[in-house]
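Numbering (the working numbering), first residue to last: 11 to 151.
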Amino acid sequence: MDQQAVALLRYVHGAFNLTVFVVLIIFARWGFRVRRSRLAGSRDSAAARKHRSAGVLLLGLVWMGYLAGNMLILLDKGKIWEYPVHGLAGLGLAGFMTLNYVLSRKMTMEVTSIRDVHQRVGRAVLVLFSAQVLLGLGILL
Ligand code: HEM
Ligand code: HEM
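This is the structure in structure tokens:
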């Protein structure tokens, strides 16, 4: 493929995922607001509604970023795993987000253990995404 187009797509991939990162932080804060209010004995239903309804969208965006990254490296180098750490971290992110989606479907107010796991997996997503941004910028710049 035309190398100039690939060079542009690398920036598009970076800009897209940087945007997803910002949206993810806003989305995660709604989740932590739900948790804080629940532990304080009340319920922040506005935050719960927003976190709930944006969840599937966020899941889709992370998978799109992962699949687009694989397509990009295929177009560029004709193979995947050229950057194995970045590629593996991407797969981990998509996997953890999917796990959190599944966990969210099993959540109830009575059984709080699933909520604790969901929250921990969510934290892992945030840490991994931060590392992924640094790794990605290291490859790009
Ligand atoms: C970065 C990823 C995520 C973080 C940091 C996060 C964080 C949280 C936290 C802290 C809670 C409150 C749990 C509690 O009450 O103790 C929560 C609840 C919830 N999360 Fe997430 N979450 C993430 C991803 C997702 C995804 C991908 C989905 C669904 C597609 C989702 C759906 C839900 C639902 C439905 C609830 C219950 C809200 C309610 O009480 O109505 N979360 N999340
Ligand atoms: C700001 C954040 C990011 C930047 C700057 C970035 C940058 C890059 C760059 C420059 C490449 C190499 C493309 C090439 O040489 O043709 C790449 C590959 C890739 N990216 Fe990202 N990326 C970011 C976030 C992400 C995220 C969040 C995911 C997954 C959800 C992801 C998944 C991938 C994958 C799977 C590859 C191919 C790795 C391989 O198999 O060699 N990237 N990224």
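From the three backbone atoms N, C-alpha and C, an ideal C-beta is built for every residue, glycine too.
According to the DSSP assignment, ILE149 belongs to the alpha helix (DSSP H) that extends over 123-150.
By the CB criterion at 8 Å, LEU68 and PHE37 fall inside the cutoff. In this structure, DSSP gives SER52 a state outside helix and strand, which the three-state scheme calls coil. At a Cβ-Cβ threshold of 8 Å, ARG20 and LEU82 count as neighbours.
Here the alpha carbon of GLN129 sits roughly 23 Å from the alpha carbon of LEU144. Here the segment 111-129 makes no contact with the segment 13-30; the two share fewer than three CB pairs at distances below 8 Å. Contact annotation, ALA104 with VAL131: C-beta distance approximately 13 Å; criterion of less than 8 Å not satisfied.
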